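Notes follow the structure.
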Amino acid sequence: MEPAEILSVLQQVADVAALAGIRGRVNEERQHFEAGFNLAEGRSQMVYIRVAGKTPDGSTVITFFSPCHVVQKGFLSGITRNQALDLLKRNEQVMFARYGVWSMENSDTIVASCDRLIATLDHKDFYSTVWYVAMAADRFEKEQGSDKF
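Here our numbering is used: the first residue of the sequence shown is 37, the next is one more, and so on.
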């Protein structure tokens, strides 16, 4: 997708977010929408929304995602087999989100995420999706003993 089309979709996301009562902003440089959430026990979580691409019929897909743990790569580092199996098991238990690993050059980032079609996304679906992703990420992050994101 062209940058102008991506920004147009992100503005649609911002408009739906406003209808849902979610404050956030379009980050043009990183090409995503971002919003912060205050959770129980003084915890917080960031949720980002990016354009993921198009379906075969041309519908635009967006991804809600929230980072929850960074694992450094290198000798005796990285995600373990047990951590990977744990993420797969969690995917069967979490509602309206999934866990995955996004690989970067020097690290792997574990994220909670969910995909939606922008054309059918109303403010109620937006509200529940953004909160479920935030809560799923925070739950994992809390179990890791941190509150970075």
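Cβ atoms here follow ideal geometry from the backbone N, Cα and C, with glycine treated the same way. Remember, it's a predicted structure, so these values are computed and weren't measured experimentally.
Proximity below 8 angstroms, CB of residue i to CB of residue j
i, j, result
"Asp174", "Arg86", "no"
"Ala155", "Ala133", "no"
"His159", "Ala88", "no"
"Ala71", "Val83", "yes"
"His91", "Val45", "The sequence shown places Thr at residue 91, not His. No, Cβ-Cβ distance for Thr91 and Val45 is not below 8 angstroms."
Residue closest to residue i, alpha-carbon to alpha-carbon, out of the options
i, options, result
"Gly136", "Tyr163, Gly94, Gln119", "Gln119"
"Leu1", "Thr145, Ile146, Phe162", "Because the chain in this structure spans residues 37 to 185, residue 1 falls outside the shown range and cannot be described."
"Thr145", "Thr116, Lys125, Gln108, Leu124", "Gln108"
"Met140", "Asp158, Ile115, Val130", "Ile115"
"Arg126", "Phe176, Gln47, Asp158, Met37", "Phe176"
"Asp122", "Lys184, Glu179, Ser95, His68", "Glu179"
"Asn142", "Val106, Arg61, Arg117", "Val106"
"Arg59", "Gly181, Arg66, Val49, Leu157", "Val49"
"Gln129", "Gly94, Pro39, Ala172", "Ala172"
Collapsed DSSP secondary structure at residue i in the structure displayed
i, result
"Gln81", "strand"
"Phe101", "strand"
"Leu157", "coil"
"Ile42", "helix"
"Thr145", "strand"
"Val137", "strand"
"Val166", "helix"
"Gln47", "helix"
| request: For the region 51-98, list the beta strand (DSSP E) runs that are entirely contained and at least 3 residues long, ordered along the chain. | output: 61-63, 68-74, 80-90
| task | Report yes or no: do the region 151-168 and the region 94-103 share at least 3 C-beta pairs separated by less than 8 angstroms? | result | yes
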